Every structure is written in C-alpha cells, then in structure tokens.
Amino acid sequence: MAHFLNQANALFRKNLIYHKRHVKSHLKVILFPALLFILLGVLQSYGNKAKREKQGPSIPDEFPPLLQIPSPQFRAVKTDSLPFSGLPDASCRETGSCPATVLITGNNRTLGESVAGNLFIDSPEPNSTSDFETIANGVFIFQGTNISYYSSYVPNLLFHVRPQCSAAIPSLSTNSTSEGLQLEVICVEGLNLWRNTSAEINDEQFKGFREGNTEGKLNEVLAAYDFLDTSGENFNVNIQYNSTYEEFHLGDEPQLLKIPRAENMVTNAYLQFLRGPSTKMVLDFVAEMPIPGGFRRPDDISTFLNIVFFTWVILQIFPVILSSLVYEKQQKLRIMIKMHGLGDVPYWMITYAYFVVISLIYMCCYFGFGVLTGLTIFKLNSYGVQCIFYFVFTNLQISMAFLLAAVFSNLKTASVVAYTIVFGTGILAFLLFQPLVDDASFPRGWIIFMELYPGFSLYRGLYELSQYARGGFRVGTYGMPWEYLSNSNNGMREVLIIMSMEWVVFLIVSYYFDQVISSGSGNRRSLLFFLPNSQKKHSPSLEKPSFQSAESSVQIEDNDVSEEREKVEQLLEKPHSNYSAICYNLKKMYPGKDGNPDKIAVKGLTLALPRGECFGMLGPNGAGKTTFIGMMTGLLEPSSGSAYVEGLDLRTQMNGIYGSMGVCPQHDLLWDTLTGREHLLFYGRLKNLKGAALSQAVEESLKSFNLSQGGVADRLAKKYSGGMRRRLSVAISLIGDPKIVYMDEPSTGLDPASRKMLWDVVKHAKQDRAIILTTHSMDEAEYLCDRIGIFVDGNFQCLGTTDEISPKALFLTIDASSEIMLKARYGGSYMFTMTTSPENGSEVEDLVKHLSPNAKKTYHLYGTQKFELPKDEVKISDVFLTVRQAKERFPVQSWGLADTTLEDVFIKVATEA
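Count the sequence shown with UniProt numbering and you get residues 1 to 913, in order.
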C-alpha cells in the first residue's frame, strides 16, 4: 500500500489535471465578481455625479444657526389638566398667537430671571436664509414638525422670536430670497417662566406629553434652562430641549441645530447680563466637522447595497464546493479511489487544500476588483482586517461544505439546499437579522447566538465593515483599523472568534460524520471508533462465527457447497497463507420499506479463494452477485457473517484491505475529463508505483488492452466508446499488481475481438493473484475460470470446475495416484431438438417417449420442440434409427442431438432454484 506522501501526490496530480481541463469554467466563476463590481462602480460614479448636478452649488457647507419651535397648536398653554402658572390661555391656539415658552430655574431666582430677560431681543428680519449675519443676531426658528419647510436644505418659513410682537396676530412679512423663493417670517412672542426646581420643570414637561395630558394634546415648551449655581463669577447651566422632533437633515447627529443655538442664546444672555446689551458671541453658522477641504459627501452606493449583495457574491462559491464533493460520492468516484488504496486523511487534506486555493483565488479577485472599482467598503477599512475576515470565512465555508457533503449523497438535493442557503441567507439576514442588530434594546446574547449560523456571521462582518466605511467616508479617514476591534460596539471581533471556532469544529464533525454515515465513502464505522478499544482486533485464527441459520442452511446444501463450507471452517481454525479471501456465512439483508418485507440479497455465502485461481460467479439478474462484490469491496456493509482478505478482517480492517485489491465495477467509474493514460497514472501512483516502474506499467497496460494505438491513450475518457471505457476499467483493476481482483461483468459491451483480447490478459494476470469474476457469458466462464459457482437467489446452488459441472470431460484427477470416473452431476443428459409441422407435434412427443420414458420437454414454439433425454436411458444409435423411421411417417424439417453445455446447466440450475 502506498504511503501518505505517494497517495497525496497521486490525488494532487489528478486534481491538478482534472481542474486544468475546467479552467474556463473556473475563470467564469472567478471573474464573475469583476463584472458585478464594474457595474456597481459605474452605478456609484453615475449616481454621485447626478446628485452633484442636481443639488449644485446651492448645497451649502455651512448652515444658518436656526432653532426649532413647536407648532402653534402644540405650544404650552394652561388647561384644566395642566394648571401650571404663567402659561397663556388655550384660546391663543385658535388664533395661532401662542408664545414660545422657555422655563427657567436655578439657585438664584433674581439672577436667573435677569439672564432670561436677555434671551429674546429685537433684531432686523433677514432677506433670505443665506443672510447668516442677520439670522445670527436674532432668534430665528423653523417649525420642527413640518417636514416641507426643511425637506431641502433651504426652509422658506422662519419664526422670529421677539420680546413682544407689534400686533395681537403675529406679523407676516414676505421677502424675495436669493434662491428665488418667497421667504415668510412670522413673529412669535417669547415668554420666560420661572419654576422653583428642575423637578417642577421635569414634571411639567412630562405632563405636557400624552402620557400625562388627559386632553390628548401636546403641551410643549421651546427650551428649559437650569442655572444651578450661576453667579457673577461662575456660569453653570443645564439645557433641556425636545429631542422628538424630526431633524434638519444635515447628518446623523440629532442635535446639530438644537444644542448649538440654544447654548448660544443663553451664553449671549449671560454676557449681556454682565457686560451690557452690546456684548455677545455671534454664532455665524452650523456645519459638520471635520470635513476635508473641498470634500463633498455623495451617497455611496456600495454601502447601500453591499451587505446583501456581497453576501451573495461571497457565498456563490459554496454550491460549487458542495456539488463537487457530493458528485464524487453519487458517482461512486470517492469509494472507487478508496478501494484502490487512497486513505481518508490524504483525501481530506489534498481536497481541502485544493478548495482553499480555489476559494482564495476567488476571494482575491473579489477583493481586488472591489478596491480597483473604488468602493469605499474596500478602500476605507483596514486591508488587514478585511483579509483576516475573508480568510477565516473562506475556510469556514469550505468546512461547512464538507459537513453537508457527509450527509448528502444526491447531487440535485445538495445543489438545491446549497442555493437555498445562499439566497435565503441574504434575504433573512436583511429582513430579520439586521433589524435586530440595529435594535439597541435587543439582547446581545441572542445576537451572538444567531451569529452561530455562518451566514449571519458573514453578514454581521460585512455590516460592520459597511458601517465603519460610511463613518470613515464622512470624515475622510480609515473606517475600521485594527485598534477598533476592541471597541465594545464593534461586532467584528466576536464574529472572528465565532467563525474561527466553527471552522475547527465543523471539520472535526465533518470527518466524524463521514466515518459513521454510509454516504458513498465506504462502510460505516462504530459511533465510538475514535476510542482506543472501540474496535476489537480480529484475525483468521479466531473461533469461527456461529449463526442460527447456519445449521438449517447446511441441511439443504448440495454436496459441493457443503464441502466448501467444511473447508472454510477448517481454514478459520487453521489459517493458510495461500488463500487470498475466505468468506463464511456472509449475509446481506435490505430492510423493507413502505410495508414490504425485508429483502435478503445474500443468504449465507461461504467461499475460500486460493491465490492463482479465477473464480466465476454465474447467476441470473438479481441473484446477489453484485451485492456480494459490493460487500467484499467495502461498498456495502454485511448484515452478518465474516470475511477475511489477505488475513485482514473485512469488518474492522477494510482500510488495510483497500491497498491490496483491484476493482472493476459493473458500471465504469471514470472522470470524463481525464485521459486513459492519466487514469492509469493516478491509480498506479495509489498502488505505490513511481518513476520508471510506473511508466512501464502504464504503457504495458495500455498495450495489453489495445488502448495505445491511434492516440486513444491520450484521448479524454468522455470520448471513449463503451467498449473502450470497459477495457480501461479492467486495466485500472489490474495495475499495480493487486493481490485480489474483483471484476463485475468485465466483458459487457465488448465486441468479439476485444472480448477475446481481454480474456487473454485476464487469464495471464490470474497467475499471481486471486480473481473473483461475475459474468453472464458461459464462454467467458469456461475460458477464464478455474472454478465456477452458480449463484441463485442469494445462495450457491453448485460449486466446481467446469469439467465437474459440465460433462464435457469424464475424468477428474483427485490426486497424483488415482483417477476416478464421475458421472456429471448436473449435465447427465442430451438435448434433443426436432422441427416439424405443428400438426405433427403429438407424433414427435410419442417418438421421444418411445426413446426415453423419463424425457422432459424444455421448449416448444410452433413446430419446434426441445427435450432433455437422460443419458443412461438413450443410445445415440437408437436416436438415429428412430428419426429415420419418423421421416417415413411425417415430414421432419430439422432435428439435432447435442451434449449438455454449461449454459444448459446454468439454465437448469437457475430454473430449479
């Protein structure tokens, strides 16, 4: 058996050649992200350009220092349920003249009221919203509940808060703005009300909302100030404001206008209290900070689409990997290479390494194209963080494919599940997972639990990269550097930890399932196979097994089958090294389904196969021949019984048996994109051949099976005819000098010349090894087989050489000193055939009965009848004489007398069974 490095080398070379032939398909998959990213980059550039052209220079980088005011119908008034002092009567709501109320408190009432008296001052009205200087000198407010006034960045209605308006009804002045809009300015009276404590302010504000307002209307104030311990030497104030208004959309900061203007108002009021009305701090404008010079913030389409879109792009390699693994199991290619000596460890290592290389190439293209197209999620986040994230998930994705491949054995089912996972992950993550991540009240423990599903981990990682890229895009810096992983709000660290742990766990569980689930990789192992004493060591010298059905089967067995059983029992007690295979009472039962009874395919097969012998199994379709081959090659697990191959137990030491056997299955198991020569090179390396010995063995095999002429050896297997594929399968089974070879109907589909050539090769090969051959061809069995067993309904009906079963020879040598004459056990009869007119059929039957009273009709069609005549009742001369006399009485078209052939014996035995 080849050692680990040779097996790994063989599989690596085969994979390299196999996937070299699929380079076009691989390029399509790898370059797929390029097309998507180019399209995405074009869309992003076009969208940014279109928005800049639409908004033009009217989008200022600086915004007027406005405040927000409650709508007239919601301004604070005195009601029955809210009888707070100083508030105006509710009738002002009908005229829209309710003042804008400011509540104040503090430790020094006199100082607080004096400062509050300077909050609102008379000032000129602006000509436009671009008149920042005029707006900065007064208190101008836009209405916070009317979206139309600030849906663009230029409100066209302002409220000018003054100490007193000139008329009972607020004045309305209209000016033409520089933007061509009509700017309306409404005067609103400002009202300052003292409250004894901040608790009273809190109570009043709370009751002003629906929770405490029995009349069901809001009762809102403009702002509230707690001057605390403010004095002439100390300025200390708390500002309260209503945070429920919809924002003036300058960004995500909710207090962009509320806090700066409210703070500026009270600061100026305090300065004027100390220094007089001419002292003030001017708030010229409000702007987002910091923003690089000349930098504009267009909407980044990549951060809008990336999460779901990139989730699908990354996951699309998953169905490719899963389909490849399941395809090898469904087509039995995995068990085929295992039967020729490839161990599980090199298979897993080389296959896993190959998929890692393919996936990393794909991810490098994905990442490279993302950077080249200028998508911010790639450019602004740390390349190191992204590479580690993509590398870990790539390995997790491969290990998850191995895990599912251990369960599935049908390619279509696996493909449907794989693509459902791909598209379902993106949709569920977007509709279910992301809202929960955004919800600060949702328990973080449940988020981590959901991230145990690899698809959600991928989505969460992309989500974090997207969020940090958006933040970095606004300020012109990196989105997520390494040091940000320690941020408690950053989910990338927990995602990397979860994916790394699952990567290892999935691989271990995948290997375990692959060993204990019979899904195309061989017999199932014990559930506790990894424990040191889980498998009991067996050897041929153990006491022979006993089964309840053994005695009953012996009672109905023919002598030749009974003799074989006795020989096997002796070999189990005293092993003999000349025997390659020993089977004792081997059984296979398939459990019944849908109410059908259990099906016993093999009913206690017992056989000893010495080296240098070719044993032929003859039997009708469904007799159990292929099931027996399947058990001996590890494809099926025996239900009971025992078998030893080259001294190794079939149940517990199958991996050791694989290295010493060759298999030609009933159906050709070949890779369509490998040539005949590449097949033989691969299997030759698995049998520990290398260098000149490997090349010589391959060339001899190609020449022997007539695959070396006309470039056939270097032609892809998918272009082979059925006969050429069959010859290649037989050649594979014999390369590397295996100790035992199983051939399941090897000459099926061959023309007579190719069949004869194959027979000669097999006959020559059996000199060094044992061969078990199943066939429907009697000529093949007679030519190749040293012994034959007729197998019907799961049992041997007879065993022996062709001479013992067919009476073509009358003598059998038992030993060197004696010869005995044997009567044919199954072929002691002649086959008599006569064709006449249909009306003479009864006369033919009378004629045969006259020749042999025990004659048996075996065939009758129209005027042709066939009879079996016992040899001990018939003389050939009597037959000729009787036929001559019959020709005088009625016309005889044809007749014949033949000895029993092996085919006749087979038909007879099969029919009787």
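All residues carry an ideal CB built from backbone N, CA and C; glycine is no exception.
This one's a predicted model, so the numbers in the text were calculated from it and none came from an experiment.
Nearest to PRO838 by C-alpha distance, out of LYS871, VAL892, VAL874, THR858, is VAL892. Take the alpha-carbon of ASN381 and the one of MET480: they are about 5 Å apart. Shown here, THR652 sits in coil according to DSSP, grouped into three states, outside any helix or strand. TYR352 has its alpha-carbon roughly 37 Å from the corresponding atom of PRO443.
Beta-bridge annotation (DSSP): SER642 is paired with TYR584. SER852: not part of any beta strand (DSSP E); DSSP gives it neither H nor E. Three or more Cβ pairs closer than 8 Å define a contact, and the region 633-651 falls short of that threshold against the region 610-617. For the pair LEU618 and HIS776, the CB atoms are nearer than the 9 Å cut-off.
In the three-state reduction of the DSSP assignment, SER97 falls in the coil class, being assigned neither a helical nor a strand state. Note that the region 424-433 does not touch the region 399-411; fewer than 3 beta-carbon pairs, one per stretch, sit closer than 8 Å.
Here the C-alpha atom of GLY656 lies approximately 29 Å from the C-alpha atom of LEU322. In the three-state reduction of the DSSP assignment, ILE447 falls in the helix class, which pools H, G and I. The alpha-carbon of GLN68 is positioned some 26 Å away from that of ASN196. No Cβ-Cβ contact shorter than 9 Å links LEU342 with TRP671. Its Cα nearest to that of ARG109, the residue ASP229 stands out among ILE600, ASP229, LEU669, ASP598. For ASN9, there is no enclosing beta strand (DSSP E); the residue is found in the alpha helix (DSSP H) stretching over 4-20. DSSP places ASP598 in the coil class of the three-state scheme, outside both helix and strand. Linking TYR644 to MET632 through their CA atoms gives a straight-line distance of about 9 Å. Annotation: MET450 to ILE629 spans about 47 Å, alpha carbon to alpha carbon.
Annotation for GLN73: ARG93 place their beta carbon closer than 7 Å to its own, counting only its chain and skipping 5 residues before and after. DSSP places GLU745 outside both helix and strand once states are collapsed to three, so it counts as coil. Non-local C-beta neighbours of GLU678 in its own chain, meaning closer than 6 Å and more than five positions away in sequence, comprise ILE17, ordered along the chain.
Taking every protein chain shown into account, the CB of PHE4 has fewer than 16 other CB atoms within 10 angstroms, so this residue is exposed.
Scanning LEU218, ASN219, ASN264 for the CA closest to the CA of ASN238 turns up ASN264. For the options ASP438, ALA418, GLY461, the alpha carbon positioned closest to that of TYR390 is the one of GLY461.
Among the bridge pairs identified by DSSP, SER660 is matched with none.
Here the alpha carbon of VAL712 sits roughly 28 Å from the alpha carbon of THR774.
Proximity to CYS165 across ILE135, ALA199, PRO124 peaks at PRO124, based on C-alpha coordinates. DSSP assignment within the region 677-725 yields the following whole alpha helix (DSSP H) runs of 4 residues or more, N-terminal first: 691-704. If you look at LEU881, you'll find it in the alpha helix (DSSP H) that goes 876-889. In the three-state reduction of the DSSP assignment, ARG261 falls in the helix class. With a cut-off of 8 Å on Cβ pairs, the region 564-583 is in contact with the region 596-609, counting three or more such pairs.
Look at the region 745-782 and you find these whole runs of alpha helix (DSSP H), each 4 residues long or longer: 752-765. Rounded to the nearest whole angstrom, the CA to CA distance from GLY789 to LEU27 is 54 Å. With respect to GLY455, LEU315 sits close: the two C-beta atoms are nearer than 9 Å. Assigned with DSSP and collapsed to three states, ASN137 falls in helix.
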